[in-house]
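2 protein chains.
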Amino acid sequence: MRETYHEQLQQLVDDLVAMSHFVGIAISRATESLLEADLNLAEQVIAADDELNSIDHQLEERCLDISALQQPVATDLRMVMSALRMSSSLERMGDLAAHVAKQTRLRYPAHAIPDELRDTFAEMGRAASAVAEKTGEVIATRDLELAGEIERHDDTMDRLHRELFSIVLAPTWSHGVEAAIDVTLLSRYYERFADHAVNVTRQVVHVTTGEPYSSSPSQL
Amino acid sequence: MRETYHEQLQQLVDDLVAMSHFVGIAISRATESLLEADLNLAEQVIAADDELNSIDHQLEERCLDISALQQPVATDLRMVMSALRMSSSLERMGDLAAHVAKQTRLRYPAHAIPDELRDTFAEMGRAASAVAEKTGEVIATRDLELAGEIERHDDTMDRLHRELFSIVLAPTWSHGVEAAIDVTLLSRYYERFADHAVNVTRQVVHVTTGEPYSSSPSQL
């Protein structure tokens with residue numbers, strides 16, 4: 093019985109790691125769809141999001157089963173409770189990747205972003221994939237130094253987000269209001285994606301150290 | 093002991109209702125600060141958000157205590173688990189109200205929105221306050237018909253959100269790119285606020301009926 097219990101807890105961790113990996117691939121593909129105006133890839137990302145929602149449901153049921161049948165206490169209980177919140181954040185990261193892909197679809201066959209911003213969005217995409225992968229590692233290993241690295245990626249994302257604002261607001265912006273809005277919303281999806289990753293890793297810190305959890309405030 | 097247990101569960105419900113009320117006031121004041129360019133009111137909303145974060149922490153600790161000491165099962169356990177997710181959504185609604193207030197502060201002493209959009213934002217503010225108040229009622233009463241009303245308010249919000257898009261994208265838009273971006277982001281904060289309320293009420297439906305939970309996808 094004890095072994096089953098530990099297996100169940102490990103399964104929770106494995107599911108969260110799998111979700112992190114999933115959203116890392118989703119944001120990476122969504123970014124490629126955005127940069128290449130690849131409708132097919134965008135549709136794949138959008139369709140895959142349902143699967144992530146199912147994993148989130150299953151995880152919630154697993155948390156309920158573990159709590160009801162095993163009655164965990166102390167750190168284990170905190171882990172089960174935090175898993176629910178982490179799963180919500182990861183599910184939301186999947187939504188945001190799907191939002192990026194939907195923007196590709198909305199503007200297809202045109203590109204959703206002006207050519208001069210390709211590099212910035214490519215960099216945002218790389219930062220987002222990196223935070224998702226590292227989030228999985230932090231969940232698996234509880235390595236708190238790695239959690240610090242995610243906060244630094246998040247700082248990079250905030251910087252890129254502000255850079256994009258200053259580009260679309262500059263007098264040299266020649267792409268009009270619609271493109272400015274597209275860029276602003278897309279940039280915000282990436283910024284929120286990284287914020288949610290920070291929230292997940294802070295939950296891990298919270299479970300591991302017992303320090304109070306504080307959520308990452310999103311940038312304006 | 094039994095009475096204490098029920099009191100504890102009721103306290104969870106009471107906290108969630110109080111949080112709903114809190115965010116209803118926050119979004120109502122944030123909207124007023126936006127419409128009147130009232131810096132003082134904006135600062136109050138921003139400062140009050142910390143209090144909401146504290147309630148969220150306390151609620152999490154309460155959920156842990158109830159689970160550890162009382163070992164709830166069945167619907168009670170589902171309620172405790174869902175309370176954590178509802179609290180996260182309500183905390184996020186508070187963040188969004190603070191975002192609106194921060195936009196007021198950023199543009200002060202100017203108005204953050206053009207005069208011609210005052211009515212639309214006033215209507216968004218009323219819809220947002222209404223969903224927050226009704227969310228509290230749904231949590232308190234588990235009245236599923238009322239949950240349906242919240243979905244309808246959310247539809248109103250989505251309509252207003254789309255209306256604002258068409259206004260800022262019309263050739264008649266004369267306020268430039270910065271104002272268009274401000275309006276887009278503000279509109280998105282309101283739209284997300286209502287989405288989170290829908291998510292909270294769907295959690296209540298989930299706890300009450302056992303039907304699978306599905307999160308509300310945000311509008312692009």
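Protein sequence lines correspond, in order, to chains A and B. Residues 93 to 312 (our numbering) make up the first sequence, in order. Residues 93 to 312 (our numbering) make up the second sequence, in order. C-beta: ideal position from N, C-alpha, C; glycine also. The structure presented is a predicted model; accordingly, all values stated were derived computationally and were not measured.
> Are there 16 or more other CB atoms within 10 angstroms of the CB of H245 of chain A, so buried, or fewer, so exposed?
Replying inline: A residue is called buried once 16 or more other Cβ atoms fall within 10 Å of its Cβ, and H245 of chain A is buried on that count.
> Any chance the region 234-252 of chain A sits against the region 260-269 of chain B, with 3 or more Cβ pairs inside 8 Å?
Replying inline: Contact fails between the region 234-252 of chain A and the region 260-269 of chain B, because fewer than three Cβ pairs, one in each stretch, are under 8 Å apart.
> Would you say L169 of chain A reaches chain B, if we count a Cβ-Cβ gap shorter than 8 Å as a contact?
Replying inline: It does: the Cβ of L169 of chain A has a partner Cβ on chain B nearer than 8 Å.
> Tell me which same chain residues have a C-beta within less than 7 Å of the C-beta of E183 of chain A, skipping the five on either side of it?
Replying inline: Hits under 7 Å: L144, N145, D148.
>> Under 8 Å, with one C-beta from each stretch per pair, do the region 127-141 of chain A and the region 192-206 of chain A reach the 3-pair mark?
In response: At 8 Å Cβ cutoff, the stretches touch.
>> Helix, strand or coil, according to DSSP, for V165 of chain B in the structure here?
In response: Three-state result, V165 of chain B: coil.
> Can you tell me the Cα-Cα spacing of A175 of chain A and L176 of chain B, whole angstroms?
Replying inline: Taking the straight line from one Cα to the other gives about 11 Å.
> In chain B, which residues lie less than 7 Å from R294 of chain A when you measure between Cβ atoms?
Replying inline: Here the premise fails: no neighbours, minimum Cβ distance about 12 Å.
>> Please report the straight-line C-alpha distance between L108 of chain A and S221 of chain A, rounded to a whole angstrom.
In response: For L108 of chain A and S221 of chain A, the gap between their C-alpha atoms comes out near 16 Å.
> Got a sec, what are the start and stop residues for the alpha helix (DSSP H) A271 of chain A sits in?
Replying inline: Start and end: 268-301.
> Hey, out of A:D106, A:Y97, A:L101, A:E99, whose CA is closest to G228 of chain A's CA?
Replying inline: The candidate whose alpha carbon is nearest that of G228 of chain A is A:D106.
> Given that S165 of chain B touches chain A, what residues does it touch there, using C-beta distances under 8 Å?
Replying inline: It is worth fixing the name first, because residue 165 of chain B is Val in this sequence and not Ser. The contact set of V165 of chain B on chain A, defined by CB atoms closer than 8 Å, consists of A160 in chain order.
>> My parser needs the alpha helix (DSSP H) runs of 4 or more residues fully inside the region 234-273 of chain A; what are they?
In response: Runs of the alpha helix (DSSP H) inside the region 234-273 of chain A: 236-261.
> Who are the Cβ neighbours of E303 of chain B in its own chain at under 7 Å, not counting the five residues just before and after it?
Replying inline: Closer than 7 Å at Cβ, skipping near neighbours: V297.
> For A190 of chain A versus I138 of chain A, is the C-beta distance shorter than 8 Å?
Replying inline: Going by beta carbons, A190 of chain A and I138 of chain A fall inside the 8 Å limit.
> How long is the line joining the alpha carbons of M216 of chain B and P206 of chain B, rounded to whole angstroms?
Replying inline: Counting only the Cα atoms, P206 of chain B lies some 15 Å from M216 of chain B.
>> If contact is defined by three or more beta carbon pairs under 8 Å, each pair taking one atom from either stretch, is the region 153-173 of chain A in contact with the region 152-165 of chain B?
In response: These segments touch.
> When you compare only the Cα positions, how much space is there between V115 of chain A and V223 of chain A?
Replying inline: Those two C-alpha atoms are separated by around 10 Å.
> Nearest-angstrom Cα distance between L236 of chain A and V230 of chain A?
Replying inline: Those two C-alpha atoms are separated by around 7 Å.
> Would you say T276 of chain B reaches chain A, if we count a Cβ-Cβ gap shorter than 8 Å as a contact?
Replying inline: Closer than 8 Å: yes.
> Closer than 8 Å, CB to CB, is S180 of chain B near chain A or not?
Replying inline: For S180 of chain B, a Cβ of chain A is located within less than 8 Å of the residue's own Cβ.
>> Within 8 Å of any Cβ in chain B, is that where the Cβ of P201 of chain A sits?
In response: Judged by the 8 Å Cβ criterion, P201 of chain A is not in contact with chain B.
>> Relative to the C-alpha of M171 of chain A, which candidate in B:M185, B:E153, B:L188, B:D187 has its C-alpha closest?
In response: That would be B:E153, whose Cα lies nearest to the Cα of M171 of chain A.
> Does the beta carbon of L151 of chain B come closer than 8 Å to any beta carbon on chain A?
Replying inline: False, the Cβ-Cβ gap to chain A never drops below 8 Å.
> For the region 120-199 of chain B, which segments carrying the alpha helix (DSSP H) assignment without a break, of at least 4 residues, lie completely within its bounds, in sequence order?
Replying inline: With a minimum length of 4 residues, the continuous alpha helix (DSSP H) runs that stay inside the region 120-199 of chain B are 131-162, 166-199.
>> According to DSSP, simplified to helix, strand and coil, what is I314 of chain B?
In response: The structure shown has nothing for residue 314 of chain B, since chain B only spans 93 to 312.
> Around the Cβ of T293 of chain A, are there at least 16 other Cβ atoms within 10 angstroms (buried) or fewer (exposed)?
Replying inline: With 16 or more other Cβ atoms from the protein chains shown falling within 10 Å of its own Cβ, T293 of chain A counts as buried.
>> Please tell me whether T233 of chain B has its Cβ less than 8 Å away from any Cβ of chain A.
In response: Taking Cβ atoms only, chain A never reaches closer than 8 Å to T233 of chain B, which makes this a no.
>> Going by C-alpha to C-alpha distance, which of A:S307, A:C155, A:L127 sits closest to E243 of chain A?
In response: If we check each option's Cα against that of E243 of chain A, A:S307 comes out closest.
> Within the 8 Å Cβ cut-off, does M173 of chain B reach chain A?
Replying inline: Judged by the 8 Å Cβ criterion, M173 of chain B is in contact with chain A.
> By how many angstroms is the C-alpha of M173 of chain B removed from the C-alpha of D287 of chain A?
Replying inline: So the alpha carbons of these two residues sit roughly 23 Å apart.
>> Taking 8 Å as the threshold (beta carbon to beta carbon), is A272 of chain B in contact with chain A?
In response: Answer yes: the Cβ-Cβ gap between A272 of chain B and chain A drops below 8 Å somewhere.
> Closest to D141 of chain B by CA distance: which of B:K226, B:T212, B:M185 is it?
Replying inline: Selected option, being the one with the closest Cα: B:M185.
>> Between which residues of its own chain and F257 of chain A is the CB-CB distance below 8 Å, once the five residues before and five after are set aside?
In response: The beta carbon of F257 of chain A is closer than 8 Å to those of T276, S279 in its chain, skipping five residues each way along the sequence.
>> My assumption, with CB atoms under 8 Å, is that S179 of chain B sits in contact with N291 of chain B. Please give the rounded CB distance.
In response: Contact check for S179 of chain B and N291 of chain B: beta-carbon distance about 12 Å, past the 8 Å limit, so the pair fails to qualify.
> Taking the C-alpha atoms as reference points, what is the distance between S266 of chain B and R197 of chain B?
Replying inline: One C-alpha to the other measures close to 23 Å.
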